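K.L.:
First the structure, which I've put down as structure tokens, then a few questions once you've had a look.
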Amino acid sequence: MKLITRICWLLLGVIFVFSGLIKLNDPVGTALKLEEYFEVFAQDFGKFFLVFKSSARTISIMLSSLEVILGVAVLLRWHLRLTLKVLLALLIFFAFLTFYSAAFNKVTDCGCFGDFIKLTPWASFAKDMFLLGLWLVVFFNFRYLRRVFAHGQLGVMYMTIASAVAIGIGVRALGHLPYFDFLPYKVGNDIGKLMKPSEPMRYKYIMERNGETKEFTEYPTDSTWKYKQMVSMNPEAAPKITDFRVWNDAGDYTQELLKGNKLVLIVQGTDKADRDRFLQINQLILSADSSKKKITPLILTSSSPSDFDAFRHDVNLSAPFYYADATVLKSMIRSNPGFILLQDGVVKGKFHYHDIPTRAKLEELL
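Position 327 of the sequence shown, counted from 1, bears residue number 327 in full-length UniProt numbering, the numbering being contiguous throughout.
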């Protein structure tokens, strides 16, 4: 039992540190998931939860940092009994969220491990039950973990460093871009290629007749079989990008966007777009337009035509603009505004508005 307890203690601490760091890697993505929860709770329990939407990014960093801090405290066995009690409260909170999502089909991805590992709601709930099992083993076999790895002032120093590092990682990622990009639009990815299956899709058809259920790899010509379900036999080959579309009043612009060198300024929404850097943004757009690399600058937004028209006159944007879905733009870049550099649909660079590149830098990447 001693060995089992120590394995459970190690797993509990490591998983919490890992989970927190993955969320801190992309605090904006975690905040978007929290906003989704707040909207669902507002519909089911009262509009009071909408108050938290404006603080979603701060809450994102606080919760994610807390996971790391508690994980480190468990590994150091620093005030372990008290740490485990706080950890239990967090586990119960997460278990409620994942069960609520799974049972009522409210949020299809809890964001437990960010975009690094996608879990279904029931898989997320099972993960929380596994962690609760680890907690129970550790808590009720406390006698096997009496050795503390950081006493007194040394323990306080370690925990202070862990807290500062965790919060610092999150704040840095919030003001720039994620350290590691796990989204379909990361640098190096070919958007056009990811919009197509990697191989021909194969399906099986589940049919029923007289209470008998049978699978067919080709749709049966016998009309006595009644269709029940079509299931993909190679789901891993399915397109990774299914909702990317760009348009303007003249029509669809998606395929044209994926040709040549394009510098895309993404303004996800004019209401929350940072306006402090548009002098530099406009300078880059003008210089890119005269580049020998034939870089075409353009703008993508999810705002309404009237809102964006007022916005672009306010900040003096002069490039042509197109529309795209808000969720797509948030997946493309965690910055509002932000730049994406494309070469024949391949993502060559992504830039937060705090890290606006020079024309020379763009040309170097192409």
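Ideal Cβ placement from N, Cα and C applies to all residues, glycine included.
A quick note: this is a predicted structure, and the numbers were derived from the prediction, not measured.
(1) Should residue 262 be flagged as near chain D, meaning a C-beta pair shorter than 7 Å?
(2) Would you call residue 36 buried or exposed, if buried means 16 or more other Cβ atoms sit within 10 Å of its Cβ?
(3) Of the residues 146, 103 and 191, which one's Cα is nearest the Cα of residue 75?
(4) From residue 81 to residue 89, what does the alpha carbon distance come to, in whole angstroms?
(5) Give me the Cβ distance between residue 265 and residue 345, rounded to the nearest whole Å; I'm assuming they're in contact under 8 Å.
(6) May I have the straight-line CA-CA distance separating residue 1 from residue 173, to the nearest angstrom?
(7) What is the residue span of the alpha helix (DSSP H) that residue 3 lies within?
(8) What whole-angstrom Cβ distance do residue 68 and residue 20 have, given they're in contact under 8 Å?
(9) Going by the CB atoms, is the gap between residue 363 and residue 294 shorter than 7 Å?
(10) Between residue 72 and residue 138, which are expected to be in contact by the criterion C-beta below 8 Å, what is the C-beta distance as a whole number of angstroms?
(11) From the DSSP output, in three-state form, read off residue 263 for me.
(12) Do residue 56 and residue 24 have their beta-carbon atoms positioned less than 7 Å apart in this structure?
(13) Residue 60 and residue 42 - do their beta-carbons sit closer together than 7 Å?
(14) Measuring only from the beta carbon, is residue 264 closer than 6 Å to any heavy atom that is part of the ligand SAM?
(15) Going by C-alpha to C-alpha distance, which of 271, 213 and 317 sits closest to residue 297?
(16) If you draw a straight line from the C-alpha of residue 357 to the C-alpha of residue 119, how long is it?
(17) According to the neighbour-count rule (16 or more other Cβ atoms, all chains shown, within 10 Å of its Cβ), is residue 161 buried or exposed?
(18) Counting only the same chain and skipping the five closest in sequence on each side, list residues whose C-beta sits under 7 Å from that of residue 134.
(19) In chain order, what residues of the same chain have a beta carbon less than 6 Å from the beta carbon of residue 132, not counting five sequence neighbours either side?
(20) Beta carbon of residue 246, beta carbon of residue 322: below 7 Å?
(21) Return the Cβ separation of residue 270 and residue 223 in integer angstroms, given the expectation that the two are a contact with Cβ distance under 8 Å.
(22) Per DSSP, what are the beta-bridge partners of residue 96 in this structure?
(23) What does the Cβ neighbour count give for residue 122, buried or exposed, with the cut at 16 atoms within 10 Å?
(24) Where DSSP assigns a beta bridge to residue 209, which residues make up the other side?
(25) Inspect the beta-carbon positions of residue 215 and residue 228 and report whether they are closer than 7 Å.
(26) For residue 232, which beta-bridge partners are listed by DSSP?
(27) Can you list, in chain order, the residues of its chain whose CB lies under 7 Å from that of residue 149, leaving out five sequence neighbours each side?
(28) To the nearest angstrom, how far is the alpha carbon of residue 226 from that of residue 218?
(29) Tell me which residue opens and which closes the beta strand (DSSP E) that residue 322 is part of.
(30) Could you tell me the distance, in whole angstroms, from the CA atom of residue 26 to the CA atom of residue 64?
(31) Does the distance from the CB of residue 96 to the CB of residue 125 come in under 7 Å?
(32) Which of helix, strand or coil does DSSP assign to residue 380?
(33) Which residues bound the beta strand (DSSP E) around residue 297?
(34) Should residue 181 go down as buried or exposed, given a rule of 16 or more other Cβ atoms within 10 Å for buried?
(35) Might you give, ordered along the chain, the residues of its own chain that have their beta carbon closer than 6 Å to the beta carbon of residue 84, omitting 5 neighbours on each side?
(36) Cβ of residue 239 within 7 Å of Cβ of residue 200?
P.N.:
Walking through what the data contain:
(1) Reference to chain D is not applicable here, since this structure consists of a single protein chain.
(2) buried
(3) 146
(4) 13 Å
(5) With 8 Å as the limit, residue 265 and residue 345 do not qualify as a contact, their Cβ atoms being about 17 Å apart.
(6) 41 Å
(7) 2 to 25
(8) 4 Å
(9) no
(10) With 8 Å as the limit, residue 72 and residue 138 do not qualify as a contact, their Cβ atoms being about 15 Å apart.
(11) strand
(12) no
(13) no
(14) The ligand SAM is absent from the structure shown, which contains no ligand whatsoever.
(15) 317
(16) 36 Å
(17) exposed
(18) 8, 11 and 12
(19) 91
(20) yes
(21) The Cβ separation is near 55 Å, so there is no contact.
(22) In DSSP, residue 96 forms no bridge with anything.
(23) exposed
(24) 212
(25) no
(26) 203
(27) 76 and 77
(28) 14 Å
(29) 321 to 323
(30) 10 Å
(31) no
(32) Shown here, the chain extends from 1 to 366; a query on residue 380 therefore has no answer.
(33) 295 to 301
(34) buried
(35) 139
(36) no
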